[in-house]
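J.: Here it is, the structure, as structure tokens.
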Amino acid sequence: MASAPSEPRAVLGRLDTNGRLIVADPEHETLQREAGSELGQILALPQIAAVAELARKLRTPVGRPVIAASADQDIRLWVNAKPEGDEIALSLEGWTVRPAAAPRLSAILGTGESTGSSAHNEWSTDEELRIISLSSDLCDLLGVDVAHASGAPLTRIVRLEEDSSGEMPLISALAGRRAFSGQRARSRDDESCVVLLNGEIVTGADGSFAGFRGTAESEKDAAAAVARQTTGYDQAMDQLLRLPIDRIIESAEQIVARSDGPLRSDYASYGNDIASAARHLLSVLRSMSEDSAHVHGVIDLASLAAEAVIMLQSSAEERGVRIELEKPEPLSARGEERAVIQVLVNLIVNAVRHSPEGGAVRLSFAHTAGTASVTVSDDGPGIGAGDEQRIFERFERAHTKEDGTGLGLAISRRLARSMGGDVTLDSAPGEGARFILTLPSA
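If you want it as structure tokens, here you go:
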């Protein structure tokens, strides 16, 4: 149980640039542990984190009164948050302990209704982020008991997690008193259960902020829904890409047939390679635009990697780059062959493009519980931390002078995720890049 300091004084703490509590007085560290986190991890007290987030965004010191929930009591504090470089210095003053308050149901709902709800995955909290209500299906999804959840701090039921950009939408919403969506939350009773919280603010009778209410969706269900969608943008891109690919195939076939006159046999062979690669890309585009979901079968990831290397060996040699393939043993995974080959082709082409003359592109394999992966590494300039997410966006490139459209990595990640896997990056400036394709093991 978090107790007040033995003598009146400020309780200090410090957050790093990622919102992790890296330094804390004992009282602050106790609050962090009771919220389910530890020193060195993300600050697990949303009320305090919201003040810190506001100070970070405004780049100026901010002070706010908050009420934080410990294990069995409320603690009234004045939080001072001061930006210092990339870090935030915290000072918690006026530490006052009081018994835990009952949820203010009437202020939130404005009625005398029961906290039980039959709505789909609905939830609500008061202004202190104490749970007012959880629908029965959401309790089942999170693996929690309704009686245990009612009145408890939200962070005692779930652990809030950062999104891909390092943000916590709920924390930002709490600081700005606004709606939010896409807050990742992991059940504390079932670590495998991750939901996405969406919420809107609720105001009391006097117009003051009174909490949030919203819905939750299983992250797996949300990902499946996104994978099923075919947006107008994707349809336009499909049409935009198919026409030039058709023309590439037509021109390559003319080279193979020598229809424009005599041609050296090696150039005719190049034409055949170009036509084969273009047909493969066209088949992937067609598969991406099909309405019906693919049945992902068992594949040999090592064999498909070897096939991709064969397709690109000649073009890599022309650039003075070696492709080194770790002696492949059969590596079973689940996926769709055409899509996997296209991802590997994209990753290898990207690595060759960024490797200097005389450099090497290396492919290695790994197998862990539940996953199989292939890593494509290069001897290029590497990618800075600020670009690690951006390069996976459409038309984005890490280096503005490089060739290419900026579509390859975006397509690769989309294909991998549609098969239940992912493409991730491990890189640092000056140390080359390592792109890892991970798929479910078979």
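Numbering follows the numbering used here, with no gaps: position 156 of the sequence shown is 166. Just so you know, even glycine gets a beta-carbon here, dropped at the ideal spot from N, CA and C.
(1) Can you look up Lys67 in the DSSP assignment and give me helix, strand or coil?
(2) To the nearest angstrom, how far is it from the Cα of Thr121 to the Cα of Val204?
(3) Return the CA-CA distance between Leu144 and Leu207, expressed in angstroms with no decimal places.
(4) Between Ala349, Ala162, Val433, which has its C-alpha nearest Thr4's C-alpha?
(5) List the whole-angstrom C-beta distance separating Gly390 from Ser374, where the pair is believed to meet the contact cut-off of C-beta under 8 Å.
(6) To the nearest angstrom, how far is the alpha carbon of Leu354 from that of Arg194?
(7) Going by the CB atoms, is the gap between Glu132 and Thr225 shorter than 8 Å?
(8) When you compare only the Cα positions, how much space is there between Leu419 and Arg43?
(9) Specify the secondary structure class of Gly186 as computed by DSSP and reduced to three states.
(10) Please report the distance separating the alpha-carbon of Glu346 from that of Asp147.
(11) Comparing alpha-carbon positions, which option in Gly46, Gly307, Arg257 lies nearest Ile284?
(12) Tell me whether Ile85 is buried or exposed, calling it buried when 16 or more other Cβ atoms sit within 10 Å of its Cβ.
(13) Would Arg198 and Val168 be called neighbours here (beta carbons separated by less than 8 Å)?
(14) Which residues does DSSP pair with Leu207 in a beta bridge?
(15) Which residue's Cα is closest to the Cα of Ala349: Asn282, Ile333, Ile421, Gly368?
(16) Judging by CA-CA distance, which residue of Ser428, Arg427, Ser383, Phe445 is the nearest neighbour of Ile393?
(17) Whose C-beta lies closer than 6 Å to the C-beta of Gly281 among residues of the same chain, with five residues either side of it excluded?
(18) Count the other CB atoms, across all protein chains shown, that sit within 10 Å of the CB of Arg329; report buried if there are 16 or more and exposed otherwise.
(19) For Ala312, which option in Val384, Ser160, Ala426, Pro163 has the closest C-alpha, if you only look at C-alpha atoms?
(20) With a threshold of 16 other CB atoms inside 10 Å of the CB of Glu336, please say whether the residue is buried or exposed.
(21) Quick check: the Cα distance between Gly153 and Ser451, rounded to an integer number of angstroms?
(22) Since Trp88 sits in a beta bridge, which residues does DSSP pair it with?
(23) Would Phe222 and Ser134 be called neighbours here (beta carbons separated by less than 8 Å)?
(24) When the Cα atoms are used, what is the spatial distance from Ala426 to Pro338?
T.: Let's see:
(1) Residue state, collapsed to three classes: helix.
(2) Note on Thr121: pLDDT 39, under 50, position unreliable in the model; the coordinate value appears next. Thr121 and Val204: Cα-Cα distance of roughly 31 Å.
(3) Between the alpha carbons of Leu144 and Leu207 lies a distance of about 12 Å.
(4) Because the chain in this structure spans residues 11 to 452, residue 4 falls outside the shown range and cannot be described.
(5) Actually they do not touch by this definition, with Cβ atoms about 17 Å apart.
(6) Going by the C-alpha atoms only, they are around 30 Å apart.
(7) Yes. Within cutoff.
(8) Spanning the two alpha carbons is a distance of roughly 40 Å.
(9) Looking at Gly186 - three-state DSSP - the assignment turns out to be helix.
(10) Between Glu346 and Asp147, the C-alpha separation is close to 34 Å.
(11) It is Arg257.
(12) So Ile85 ends up on the buried side.
(13) Yes, Cβ-Cβ distance for Arg198 and Val168 is below 8 Å.
(14) Partner(s): Gln193, Ala226.
(15) The residue with the shortest Cα to Cα distance from Ala349 is Ile421.
(16) Here the closest residue by C-alpha is Phe445.
(17) Closer than 6 Å at Cβ, skipping near neighbours: Ala262, Ile265, Val266.
(18) By the neighbour-count criterion, in which 16 or more other beta carbons inside 10 Å mark a residue as buried, Arg329 falls on the exposed side.
(19) Between Ala312 and the set Val384, Ser160, Ala426, Pro163, the nearest pair of CA atoms involves Val384.
(20) The residue is exposed, with fewer than 16 neighbouring Cβ atoms inside 10 Å.
(21) Straight across, the Cα-Cα distance linking Gly153 with Ser451 is about 27 Å.
(22) DSSP output for Trp88 lists Pro75, Glu103 as bridge partner(s).
(23) Against a cut-off of 8 Å, the Cβ pair of Ser134 and Phe222 comes out as a contact.
(24) Distance from the CA atom of Ala426 to the CA atom of Pro338, rounded to whole angstroms, is 21 Å.
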